[in-house]
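Novice: In the order they appear, the protein sequences are chains P, B and X. Take the first sequence: its letters are residues 2 to 453, numbered as in this note's numbering. Take the second sequence: its letters are residues 18 to 505, numbered as in this note's numbering. Take the third sequence: its letters are residues 27 to 280, numbered as in this note's numbering. Got a structure for you, questions after.
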Amino acid sequence: MNGRSEVTERYIGLYKENIEKITTSSSPYINSFREAAYERFRDMGIPTKKNEAYKYTNLNIFFDHDYKSYFMPVTSDFIKAEEFRCDVADLDTHGIVLLNGFYPTINEKLRQLPSGVWIGSLNAAAIKFPDLVKKHYGKYAKSDTDGLIDLNTAMASDGVFVYVPEGVALTKPVQVVNLVQSDEDMFSQHRNLIIVEKGAEFSIIICDHTLSPQKFLTNAVTEVFVGENAHFDLIRVQNEHNAACKVTHTFIHQEKNSVASSNNMTLHGGLIRNSTYHYLGGEGAECFSYGLFLTDKWQHVDNFVNVDHAFPKCTSNQLFKGVLDDMSTGAFNGRILVRPDAQGTLAYQKNNNILLTDDAKMDTKPQLEIFADDVKCSHGATIGQVDSDALFYLQSRGINKREARLMLMFGFAHEVIQNIKIEALRDRMDNLVMQRLKGELSRCASCMVKCG
Amino acid sequence: MVIHSIMEKDQDKILSDVTSGEYKYGFYSDIEMERIPKGLSEEVVRIISAKKNEPEWLLDFRLKAYKHWLTMKMPAWPNLRIPEINYNEIIFYAAPKARPVLNSIDDIDPELRKTFDKLGIPLNEQKHLAGVAVDAVIDSVSVKTTFKETLAEMGIIFCSFSDAVKEYPELVRRYMGSVVPYTDNFFASLNSAVFSDGSFCYIPKGVRCPMELSTYFRINSANTGQFERTLLIADEESYVSYLEGCTAPTRDENQLHAAIVEIIAEKNAEVKYSTVQNWYPGNKEGLGGIFNFVTKRGMCKGENSKISWTQIETGSAITWKYPSCILRGDNSTGEFYSVAVTNNYQQADTGTKMIHIGKNTKSTIVSKGISAGHGQNSYRGLVKVLKNASNARNFSQCDSLLLGDKCGAHTFPYLEVDNQTAIVEHEATTSKIGEDQIFYCNQRGISTEDAIGLIVNGYAREVINKLPMEFAVEAQKLLQISLEGSVG
Amino acid sequence: MLIINNLKASIGGKSILKGITLEVKPGEIHAIMGPNGSGKSTLAAVLAGREFVEVTEGSVTYLGKNLLDMSPEDRAKEGIFLGFQYPIEIPGVSMVNFMKTAVNEHRKHNGLDPLSASDFLKLMRDKKELVEIDSKLANRSVNEGFSGGEKKKNEIFQMAMLEPKLAILDETDSGLDIDALRVVANGVNKLKRPDNSFIVITHYQRLLDYIVPDVVHVLYDGRIVKTAGRELALELEEKGYDWIKKEVENNVLS
Chain P
2 MNGRSEVTER
12 YIGLYKENIE
22 KITTSSSPYI
32 NSFREAAYER
42 FRDMGIPTKK
52 NEAYKYTNLN
62 IFFDHDYKSY
72 FMPVTSDFIK
82 AEEFRCDVAD
92 LDTHGIVLLN
102 GFYPTINEKL
112 RQLPSGVWIG
122 SLNAAAIKFP
132 DLVKKHYGKY
142 AKSDTDGLID
152 LNTAMASDGV
162 FVYVPEGVAL
172 TKPVQVVNLV
182 QSDEDMFSQH
192 RNLIIVEKGA
202 EFSIIICDHT
212 LSPQKFLTNA
222 VTEVFVGENA
232 HFDLIRVQNE
242 HNAACKVTHT
252 FIHQEKNSVA
262 SSNNMTLHGG
272 LIRNSTYHYL
282 GGEGAECFSY
292 GLFLTDKWQH
302 VDNFVNVDHA
312 FPKCTSNQLF
322 KGVLDDMSTG
332 AFNGRILVRP
342 DAQGTLAYQK
352 NNNILLTDDA
362 KMDTKPQLEI
372 FADDVKCSHG
382 ATIGQVDSDA
392 LFYLQSRGIN
402 KREARLMLMF
412 GFAHEVIQNI
422 KIEALRDRMD
432 NLVMQRLKGE
442 LSRCASCMVK
452 CG
Chain B
18 MVIHSIMEKD
28 QDKILSDVTS
38 GEYKYGFYSD
48 IEMERIPKGL
58 SEEVVRIISA
68 KKNEPEWLLD
78 FRLKAYKHWL
88 TMKMPAWPNL
98 RIPEINYNEI
108 IFYAAPKARP
118 VLNSIDDIDP
128 ELRKTFDKLG
138 IPLNEQKHLA
148 GVAVDAVIDS
158 VSVKTTFKET
168 LAEMGIIFCS
178 FSDAVKEYPE
188 LVRRYMGSVV
198 PYTDNFFASL
208 NSAVFSDGSF
218 CYIPKGVRCP
228 MELSTYFRIN
238 SANTGQFERT
248 LLIADEESYV
258 SYLEGCTAPT
268 RDENQLHAAI
278 VEIIAEKNAE
288 VKYSTVQNWY
298 PGNKEGLGGI
308 FNFVTKRGMC
318 KGENSKISWT
328 QIETGSAITW
338 KYPSCILRGD
348 NSTGEFYSVA
358 VTNNYQQADT
368 GTKMIHIGKN
378 TKSTIVSKGI
388 SAGHGQNSYR
398 GLVKVLKNAS
408 NARNFSQCDS
418 LLLGDKCGAH
428 TFPYLEVDNQ
438 TAIVEHEATT
448 SKIGEDQIFY
458 CNQRGISTED
468 AIGLIVNGYA
478 REVINKLPME
488 FAVEAQKLLQ
498 ISLEGSVG
Chain X
27 MLIINNLKAS
37 IGGKSILKGI
47 TLEVKPGEIH
57 AIMGPNGSGK
67 STLAAVLAGR
77 EFVEVTEGSV
87 TYLGKNLLDM
97 SPEDRAKEGI
107 FLGFQYPIEI
117 PGVSMVNFMK
127 TAVNEHRKHN
137 GLDPLSASDF
147 LKLMRDKKEL
157 VEIDSKLANR
167 SVNEGFSGGE
177 KKKNEIFQMA
187 MLEPKLAILD
197 ETDSGLDIDA
207 LRVVANGVNK
217 LKRPDNSFIV
227 ITHYQRLLDY
237 IVPDVVHVLY
247 DGRIVKTAGR
257 ELALELEEKG
267 YDWIKKEVEN
277 NVLS
């Protein structure tokens, strides 16, 4: 016995069977990481609940399953991707679509926006911009405990590449729509690389959708470099069906005096795990990490956040909230690490959760690890119901209990939503959350799959 | 920790008295001891049991625990760096050679009595503070329990664990291992196999114990481990306040202390359990000191029962302990108040577990960590609300104070809630000691060292106030001493 | 308008109000004074319908109806307004949304159509001026990050928006500087009409320099121990509450 689990063996087999095919279609530099990553994955395996970072999430429900794996895009897929339109009104963006983890445009794998920004396929970028990719690819996505990151590095070929040159401020956000569609249950992995150079400003919206009712498993890694004095915002909108499992790992590396934010809006999905790693790698850097989820039925959402204060005088803020209905479950695992000599650190973390039924369950694990003394750090976590004092206050103004409760729940969620700087998207989120809370939005209405 | 009568007005004097940062209880007493050979085996377990003339069932319990322990591994999850412990280098039983029966105070070895006098624990009842009954445990055995007879008049049993096994076997058998089973964890299994003595206490129905009960633990011999066990049962409608204190000689080798405390609170009973832990912490370079690996747990078994833990942890090289409450009875209450200090190279991973099982159960956690020097201080806590625990309430406040830039303060709370009506709140803050506060004191003529003592005591006041008076004064003094030299 | 008869109430089994009898007529301003812990805020809480206060005896009739049977929101819609001693912060709920919901619930109750967005905003503007509230406050979450004075002004602003028949102001003056106090008092005076009434609960008589009461009651140990005109407030200011306590104790002894 090698001590590896059956489910890990499944993915080891997948690697062995397909590595040749994967290697042929992707760029040599990306290929150069694969073997070492595979070996690390082989040692660590698919995380189990024994792994402290996955204590409250059972991945086997989705990982221990026979999927068709998607390694090569086909032409018919490209047409579907072209047809997709985002339905958020007034949302003016530079759009990109990923289908099953690939950038599905045949002729224009990379395009340049008027401001000099490049967006497009990572695989294509690795050939066109070898120096840029060499400088950043695989540099930030590192973990000693999570084998899934290595599984991605070992097998992913494509994903989104964004390059924002020094000093460029892109006013319009880039919107990436991740679509999954297949006739069979499918496993896919993609890899994004976003480079925001010194003094640049950039925001990106990543939306996840499922287009067919099959069982889907996605394991995605995103690496982001935010240069000195640069600004970066990431908003993730997750709206997949209940048979879909999405695992995302986002690594945001920040240089001196940069500002970055990440906002995970999880509206729907079977099992969702978002790991967000903020590395404050220069003095005066500031980061914001937000998350909101609304779950029902058997859904499970797990937000894992790691904020690494490696340099002095950095600031971090975390705000994560969850509203849990039916028999859904949720988890939060937030860690603030203040390294020795990271003096002058300010780090805050808040996690609040509301349970709507007796069958819903929430586990939370906020953590502080502090090795410097000139710091101000705090965290707070609550699990409970809406605040009874606030409820009475609203009632005393003539608002009936049901309405008052709704207002409070909306206010609870809005505290996260209000941090979205793109107005059209913020309004849309407010709207969706309100409808969802009112029960006006049927459970499947926001889903693209009309599975009836 | 010393128990003696100190008036409130003496408080200031104590704070100013303390100028040397040395560990005051580091002396060694030359008492004639009986020791068994080093090492751990089934044979050793049998020897310990035989030495104590134990009944068959207790030997069985030990052997089962020992066999289970052999299958276990040392826990790796604490945020601690623990050197390899060689269990074959430890002496598992050491006892002062005593005369066969101790009928009066005069029967105690004079050297032993001197030791406790020096520690401020007079074993002579007349000399003693009226409000406290003491069970004195040295290395592996209890040497003297005071006020036994006075308490017996009210039906209160307060004696050594060994005596309890002989005199109240049915009580011991019923409750021992019911809160901390021998399979519970690595150190609990070890203790269950080799425990030597400890205190036993039973408060009968409807009795409010009129005095503080206390156990004083002293490690004296070299190379010995101390494995005591405390079992405290509060029957319906009863109340008891229990204190424990610990010290050990200064030695360059680490010594192991792995204890178990079990508390059972029946309907409407209340137990207050206070600890001032001042085991030898090692020297300034981190050499020596006690490894303090303790399993403490209370079961609020009956309705409206209450268990309150208060601990001041200033000693030990490494502390690993989580005094916990299982809130099984409806309307039961669990409390945990803690101050943990790590200075020099001390490490502590301590906190609590509050398991809400009954309805309307409440728990409060207040933890104050203080790190100085190269000390590493972790709070680790679990609040778990089970599905049927409606209207459970928890509030946790975990603060950390940092003195100096080489130490660390860490917080690892786990909140697991499976009931909609629960309200669980956790708050934590970490910050350094206020320079403006120190300056303010300096300006009023108070030295920086004294200022830190004052500020830290203020910071820990909420917890210290939960201690009985005599202990509170001691605790303040200890905080001051353990932080001496922490700011250069 | 309001008739309280032998009202007794307790919190968590502890008796707080021990038999209060009081009548407030339309157009009257009543001041309730008393030392800390005498039961003033508990009385306000009972009238507004807080659940943690348990009414054990007595009755409260408001406009001919049994007030104690009504939910807090129905009491509000029937015209009872409570100015909170400690206004609640509600993050994420904007003042505009909060007030709009409240105003329209009141209108619905009175058989009126909801206000249009522009009419509502106009109403907000008008009332804001009336109570001299900073217009920025309206765009923030309810009471969140407001200073003590702003919170109290916000209570008066809400009162102006909802036009209650009976307003109970629970220590609205506590923690206010002299300017804020003047604003609060002006707000009350501007809103006073012959058909509405106020119960002003206060510890100090300072507020009563600005809001002139018709009747002053002294509440002590859960009972009204003295009722008189506004001169009583001045007397209390001068002599404190000790003489009242002594008087009560003497009465008990004799």
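By construction, the Cβ of each residue, glycine as well, lies at the ideal position given by its N, Cα and C atoms. Computed from a prediction, not measured in an experiment: that's the story for all the values here.
Compare the beta carbon distance of Glu181 (chain X) and Asp160 (chain X) with 9 Å and say whether it is the shorter of the two.
Specialist: Working through the third sequence from its first residue, we reach residue 181 (chain X) at position 155. Working through the third sequence from its first residue, we reach residue 160 (chain X) at position 134. In this structure, Glu181 (chain X) keeps its C-beta atom at 9 Å or more from the C-beta atom of Asp160 (chain X).
Novice: If the cut-off is 8 Å on Cβ atoms, which residues from the region 389 to 420 of chain P count as contacting chain X, listed in chain order?
Specialist: Asp390, Ala391, Phe393, Tyr394, Leu395, Gln396, Ser397, Arg398, Gly399, Ile400, Asn401, Lys402, Glu404, Ala405, Met408, Leu409, Phe411, Gly412, Phe413, Ala414, His415, Glu416 and Gln419
Novice: Is there at least one Cβ from chain P nearer than 9 Å to Ser417 (chain B)'s Cβ?
Specialist: Walking along the second sequence from the start, residue 417 (chain B) turns up at place 400. It does: the Cβ of Ser417 (chain B) has a partner Cβ on chain P nearer than 9 Å.
Novice: Could you tell me whether the Cβ of Trp337 (chain B) comes closer than 9 Å to any Cβ of chain P?
Specialist: As a working mapping, residue 337 (chain B) is identified with position 320 in the second sequence. No, Trp337 (chain B) lies away from the interface with chain P (no Cβ there is under 9 Å from its Cβ).
Novice: Gln272 (chain B) bridges to which residues according to DSSP?
Specialist: In the second sequence, the residue the question calls residue 272 (chain B) occupies position 255. Per DSSP, B:Ile307.
Novice: Could you check if Asp221 (chain X) belongs to the surroundings of the ligand MG, using beta carbon to heavy atom distance under 8 Å?
Specialist: The model depicted lacks the ligand MG and carries no ligand whatsoever.
Novice: Count the other C-beta atoms from every protein chain shown that fall within 10 angstroms of the C-beta of Trp326 (chain B), then say buried if there are 16 or more, exposed otherwise.
Specialist: Here residue 326 (chain B) refers to the residue found at position 309 when the second sequence is read from its first residue. Buried: at least 16 other Cβ atoms inside 10 Å.
Novice: So with Cβ pairs under 9 Å, would you call Arg11 (chain P) a contact of chain X?
Specialist: If you number the first sequence from 1, residue 11 (chain P) lands on position 10. Arg11 (chain P) does not count as touching chain X.
Novice: Counting only the same chain and skipping the five closest in sequence on each side, list residues whose C-beta sits under 6 Å from that of Gln344 (chain P).
Specialist: The residue labelled residue 344 (chain P) in the question sits at position 343 within the first sequence. Same-chain partners within the cutoff: Pro313, Ala373 and Asp375.
Novice: CA-CA distance, Ala193 (chain X) and Pro220 (chain X)?
Specialist: As a position in the third sequence, residue 193 (chain X) is number 167, starting the count at 1. As a position in the third sequence, residue 220 (chain X) is number 194, starting the count at 1. Those two C-alpha atoms are separated by around 13 Å.
Novice: Under 8 Å Cβ to Cβ from Leu111 (chain P), same chain only, skipping five residues before and after it: list those, please.
Specialist: If you number the first sequence from 1, residue 111 (chain P) lands on position 110. Result list for Leu111 (chain P): Trp119, Ile120, Gly121, Ser122, Ala125, Ala126, Lys129 and Phe162, in chain order.
Novice: Express the C-alpha separation of Ser238 (chain B) and Gln368 (chain P) in angstroms, rounding to a whole number.
Specialist: For this step, residue 368 (chain P) is matched to residue 367 along the first sequence. For this step, residue 238 (chain B) is matched to residue 221 along the second sequence. Approximately 40 Å between the Cα atoms of the pair.
Novice: Name the DSSP beta bridge partners of Asp431 (chain P), please?
Specialist: To locate residue 431 (chain P), count along the first sequence from 1; it is residue 430. None; Asp431 (chain P) has no bridge partner.
Novice: Taking the alpha carbon of Gln414 (chain B) as the point to measure from, which residue in B:Phe353, B:Asp366 and B:Thr359 has its own alpha carbon closest?
Specialist: Start at 1 with the first residue of the second sequence, and residue 414 (chain B) comes out as number 397. Measuring from the Cα of Gln414 (chain B), the nearest candidate turns out to be B:Phe353.
Novice: Near Tyr141 (chain P), what residues of its chain come up, given a Cβ to Cβ distance below 6 Å and the 5 sequence neighbours on each side ignored?
Specialist: Working through the first sequence from its first residue, we reach residue 141 (chain P) at position 140. So the qualifying residues of the chain are Glu224, Phe252 and His254.
Novice: What is the DSSP secondary structure of Asp126 (chain B), counted as helix, strand or coil?
Specialist: In the second sequence, residue 126 (chain B) corresponds to position 109, counting from 1. DSSP places Asp126 (chain B) outside both helix and strand once states are collapsed to three, so it counts as coil.
Novice: Taking Val244 (chain X) as the reference, which of X:Leu163, X:Leu188, X:Asp100 and X:Gly63 has the closest Cα?
Specialist: Here residue 244 (chain X) is taken as the residue at index 218 of the third sequence, counted from 1. When each option's Cα is compared against that of Val244 (chain X), the closest is X:Gly63.
Novice: Is it the case that the Cβ atoms of Lys56 (chain P) and Glu185 (chain P) are separated by a distance below 9 Å?
Specialist: Within the first sequence, residue 56 (chain P) is the residue found at index 55, counting from 1. Within the first sequence, residue 185 (chain P) is the residue found at index 184, counting from 1. Against a cut-off of 9 Å, the Cβ pair of Glu185 (chain P) and Lys56 (chain P) comes out as no contact.
Novice: Quick check: is the beta carbon of Leu28 (chain X) nearer than 9 Å to any beta carbon in chain P?
Specialist: In the third sequence, the residue the question calls residue 28 (chain X) occupies position 2. Output row for Leu28 (chain X): interface = no.
Novice: Helix or strand or just coil, what does DSSP make of Leu230 (chain B)?
Specialist: Walking along the second sequence from the start, residue 230 (chain B) turns up at place 213. Strand.
Novice: Please work out which residues of its chain come closer than 7 Å, Cβ to Cβ, to Arg256 (chain X), disregarding the five sequence neighbours upstream and downstream, and give them in chain order.
Specialist: Indexing the third sequence from 1 puts residue 256 (chain X) at position 230. Only Leu234, Val238, Pro239 and Val242 meet the Cβ criterion.
Novice: Just mark Pro176 (chain P) as buried or exposed, buried being the case when its beta carbon has 16 or more other beta carbons within 10 Å.
Specialist: On the first sequence, residue 176 (chain P) is found 175 positions in, with the first residue counted as 1. First, the residue type needs correcting, since residue 176 (chain P) is Gln and not Pro in the sequence shown. Buried, since its Cβ has 16 or more Cβ neighbours within 10 Å.
Novice: Per DSSP, which residues does Arg237 (chain P) bridge with? Please list them.
Specialist: Numbered from 1 along the first sequence, position 236 holds the residue referred to as residue 237 (chain P). Beta-bridge pairing links Arg237 (chain P) to P:Ile207 and P:Asn265.
Novice: With distances taken between CB atoms, is the gap from Ala261 (chain P) to Ala286 (chain P) smaller than 9 Å?
Specialist: Translated into positions along the first sequence, residue 261 (chain P) becomes position 260. Translated into positions along the first sequence, residue 286 (chain P) becomes position 285. A distance below 9 Å separates the beta carbons of Ala261 (chain P) and Ala286 (chain P).
Novice: If you draw a straight line from the alpha carbon of Asp415 (chain P) to that of Asn130 (chain X), how long is it in whole angstroms?
Specialist: Taking the first sequence and counting its residues from 1, one reaches residue 415 (chain P) at position 414. Taking the third sequence and counting its residues from 1, one reaches residue 130 (chain X) at position 104. The displayed chain sequence assigns His, not Asp, to residue 415 (chain P). Using only the alpha carbons, I get a separation of about 22 Å.
Novice: Counting only C-beta atoms, is His254 (chain P) closer than 9 Å to chain B at any point?
Specialist: The sequence position of residue 254 (chain P) within the first sequence is 253, counting from 1. Output row for His254 (chain P): interface = no.
Novice: The beta strand (DSSP E) spanning Lys34 (chain X) covers which residue range?
Specialist: Locating residue 34 (chain X) in the third sequence gives position 8, counting from the first residue. Lys34 (chain X) -> beta strand (DSSP E) spans Leu28 to Ile37.
Novice: So for His229 (chain X), helix, strand or coil by DSSP?
Specialist: Here residue 229 (chain X) corresponds to residue number 203 of the third sequence, with the count starting at 1. DSSP places His229 (chain X) in coil when its eight states are reduced to three.
Novice: Can you pull the chain B neighbours of Ile372 (chain P), defined as C-beta to C-beta under 7 Å?
Specialist: Working through the first sequence from its first residue, we reach residue 372 (chain P) at position 371. The sequence given here places Phe at residue 372 (chain P); Ile does not occur at that position. Here the neighbours are Gly425.
Novice: Using only the alpha-carbon positions, how far apart do Arg345 (chain B) and Arg427 (chain P) sit?
Specialist: Translated into the one-based positions of the second sequence, residue 345 (chain B) becomes position 328. Translated into the one-based positions of the first sequence, residue 427 (chain P) becomes position 426. About 46 Å.
Novice: Are the CB atoms of Ser329 (chain P) and Phe305 (chain P) within a distance shorter than 9 Å?
Specialist: Along the first sequence, one-based indexing puts residue 305 (chain P) at 304. Along the first sequence, one-based indexing puts residue 329 (chain P) at 328. Going by C-beta atoms, Phe305 (chain P) is not nearer than 9 Å to Ser329 (chain P).
Novice: Residues of chain P with CB closer than 8 Å to the CB of Ala150 (chain B), please, in chain order.
Specialist: Taking the second sequence and counting its residues from 1, one reaches residue 150 (chain B) at position 133. Residues of chain P passing the Cβ test: none, with the nearest at roughly 41 Å.
Novice: Would you grab the beta carbon distance between Ile207 (chain P) and Leu235 (chain P) for me? Rounded to a whole angstrom, and I think it's under 8 Å.
Specialist: For the purposes of this step, residue 207 (chain P) is taken as the residue at position 206 of the first sequence. For the purposes of this step, residue 235 (chain P) is taken as the residue at position 234 of the first sequence. The pair is a contact, with the Cβ atoms about 7 Å apart (cut-off 8 Å).
Novice: What is the DSSP secondary structure of Ser499 (chain B), counted as helix, strand or coil?
Specialist: Reading the second sequence from its first residue, position 482 is the one you call residue 499 (chain B). Ser499 (chain B) falls in the helix class under three-state DSSP.
Novice: Using the C-alpha atoms, what's the distance from Phe203 (chain B) back to Met91 (chain B)?
Specialist: For this step, residue 91 (chain B) is matched to residue 74 along the second sequence. For this step, residue 203 (chain B) is matched to residue 186 along the second sequence. Computed Cα separation, rounded: 6 Å.
Novice: Anything in the region 198 to 216 of chain B with a Cβ closer than 9 Å to a Cβ of chain P? List those residues in chain order, please.
Specialist: none
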